[in-house]
Structures are given as structure tokens and as C-alpha cells.
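Q: Have a look at this one before I ask anything.
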Amino acid sequence: MPWTDYTLNDFLLFAPETYQRLFIRYHEAIWPLQIPAVIAMLVIPWLILRRGGVEPRMMRIALPILAVVWIWIGTDFLYQRYGEINWAAVWPAAGFMLQGVLLLATAFAEPEQPPDVRVPPAARDAGLLVMAAAVILLPLAAPLSGRPWLSAELVGVTPDATALFTLGLLALKPLRLRLLLLPVPLLWCLLSTLTQIAMDWPDAWILPALAAAAVAATLLPREKVD
């Protein structure tokens with residue numbers, strides 16, 4: 001069979017129902033961890049914006065919180081659980097653990113004092129909107145598309161919402177180190193989008209659209225402080 005005859009569905013290693021059951025069992029197994037995880041994620045934008053503007057020093061607290069989440073999802077969800085239905089999950093699992101290490105490393109590289117550049121208002125607003133969408137919109141996408149509530153993406157415990165939240169956060173970082181943290185969540189969003197398209201999910205456009213907005217905001221040039 002020529003390659004042109006293949007579709008994304010031909011590369012899917014599991015049925016859509018199996019993928020949904022994976023999330024359902026995962027949410028049931030870790031309950032009530034979702035509550036402190038979401039609270040921890042909500043603390044991050046509050047820390048960074050608590051004085052009305054972006055506080056780079058607060059990234060030293062926010063990034064380690066996010067690092068723990070990435071390592072947890074990489075080991076528990078992707079490697080141990082997703083790996084049961086997808087042998088290739090070991091690679092994104094390794095990517096998530098690498099992202100956790102990078103988040104920790106860049107946290108220690110944050111300056112004690114604010115740098116001489118600031119985040120443009122457009123980048124800040126776009127980043128906050130993407131973070132809000134990761135917390136609110138993605139969990140609603142599953143039930144609104146006819147999938148079970150327990151199969152929903154939830155920031156802090158599942159990969160899509162956490163990757164999108166991280167991309168939104170990167171738009172709030174003034175330093176160029178933010179670009180080091182961009183590839184892993186972006187690649188995951190691409191991989192997850194292809195998986196959703198292969199499963200014929202009607203909401204498969206949401207993740208790439210929001211990820212693209214976050215990346216555009218992250219790549220906006222930072223403004224010099226006079």
C-alpha cells in the first residue's frame with residue numbers, strides 16, 4: 001500500500017473508547033489529588049501578577065511548582081498508564097520529565113531583581129487568556145463534545161491542559177530563557193492534536209489554536225525599560 005493511502009487513523013494504536021477509559025481510570029485512581037493540583041496551578045498567575053504587573057522574581061516560586069507537575073505527569077500518567085495502551089508513550093514521558101528539569105533549572109536562573117526588559121501588554125494578556133482557557137475551557141471540551149466528564153483534561157494532572165497552561169505562562173516571562181522551555185509543550189500539543197484528529201474529535205481544533213496564540217505571544221519581542 002503506498003504511503004498516500006494511509007490516514008492518521010492507521011497509525012492509532014488504540015480505540016478512542018480505550019483512550020477515554022484511560023483518563024477515567026486515572027482520575028478515579030488519583031482522586032482527590034485534582035483539587036490541590038488545580039489550586040497550585042491557580043496560585044502561579046497570582047504569584048506572578050499579585051502587584052498588578054509581571055514579577056520576574058516570583059517565577060522562582062512558580063516554575064518549581066510547574067516542574068513537579070510535569071515530572072508527575074511524565075512518570076505517572078504517560079509512562080505508567082498511557083504506556084499500557086501506547087508503546088511509544090515512553091518518548092513523550094521522557095520529554096515531560098526533561099521539561100520538569102528545564103523548569104527547575106531556569107527557576108534558579110531567574111534574577112533577584114527585575115530585568116531591564118518587560119513583557120508587552122499584548123503578550124501578557126494573551127498568556128493569561130491561554131492559561132485561563134487551560135483551566136476552564138479544556139475541562140469543558142470533553143462533556144460539551146459528548147465525552148464523559150471523567151475523561152476531561154484537567155490542568156495540573158493531565159498533559160494537554162498542563163502543556164497549554166505552561167505555554168501561556170511562558171508568554172509572561174521577560175527573559176530569553178523562555179524560549180528554552182517552548183519546544184516540549186509545543187511538540188506535545190502537536191502530537192495530541194494529531195491523536196485527537198485521528199480519533200475524529202470535533203474539538204480537536206481547540207488545543208492547536210490556543211497553543212498557536214501562546215507561542216505567538218511568547219515570541220513577541222520584549223520591551224526595554226526606560
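Numbering-wise (full-length UniProt numbering), the sequence shown opens with residue 1 and increments by one. Think of the CB as a built atom: it goes at the ideal place given N, C-alpha and C, for glycine as much as any other residue.
Between which two residues does the alpha helix (DSSP H) holding Ile131 run?
A: By 1-based counting over the sequence shown, the position of residue 131 is 131. Strictly speaking, residue 131 in this sequence is Met, with Ile absent from that position. Per DSSP, Met131 belongs to the alpha helix (DSSP H) from 121-144.
Q: Over the uninterrupted alpha helix (DSSP H) stretch that includes Gly100, give me the two end residues.
A: By one-based count along the sequence shown, residue 100 stands at place 100. Segment 90-109, the alpha helix (DSSP H) holding Gly100.
Q: Is there contact here, the region 203-223 with the region 135-146, by at least three beta-carbon pairs under 8 Å?
A: At 8 Å Cβ cutoff, the stretches touch.
Q: Taking three-plus beta-carbon pairs below 8 Å as touching, is the region 167-177 in contact with the region 196-203?
A: The answer is no - the region 196-203 does not touch the region 167-177, with fewer than three Cβ pairs under 8 Å.
Q: Quick check on Met1: does DSSP put it in helix, strand or coil?
A: For this step, residue 1 is matched to residue 1 along the sequence shown. Bear in mind that the predicted position of Met1 carries a pLDDT of just 49, short of 50, making it too unreliable to give a figure here.
Q: Alpha carbon to alpha carbon, how far is Gln20 from residue 232? Give it in angstroms, no decimals.
A: In this structure the chain extends from 1 to 226, so residue 232 is not present and cannot be described.
Q: Taking the alpha-carbon positions, what's the Ile73 to Pro159 distance?
A: Translated into positions along the sequence shown, residue 73 becomes position 73. Translated into positions along the sequence shown, residue 159 becomes position 159. Roughly 7 Å between the two C-alpha positions.
Q: Per DSSP, what are the beta-bridge partners of Lys224 in this structure?
A: The residue you call residue 224 lines up with position 224 of the sequence shown. DSSP output for Lys224 lists Val117 as bridge partner(s).
Q: Is Thr106 near Leu181, with beta carbons less than 9 Å apart?
A: For this step, residue 106 is matched to residue 106 along the sequence shown. For this step, residue 181 is matched to residue 181 along the sequence shown. Yes, the pair counts as a contact, with Cβ atoms nearer than the cut-off.
Q: Can you tell me whether Thr18 is buried or exposed? The criterion is at least 16 other CB atoms within 10 Å of its CB, across all chains shown.
A: Your numbering for residue 18 matches position 18 in the sequence shown. Label assigned to Thr18: exposed.
Q: Just to confirm my understanding: we take Trp91, look at its own chain, exclude 5 residues before and 5 after, and list those with CB closer than 8 Å. What are they?
A: To locate residue 91, count along the sequence shown from 1; it is residue 91. Closer than 8 Å at the Cβ level, and outside the excluded window around Trp91, lies no residue.
Q: Please report the distance separating the alpha-carbon of Leu220 from that of Ile48.
A: Taking the first residue of the sequence shown as 1, we reach residue 220 at position 220. Taking the first residue of the sequence shown as 1, we reach residue 48 at position 48. Cα to Cα, Leu220 sits roughly 19 Å from Ile48.
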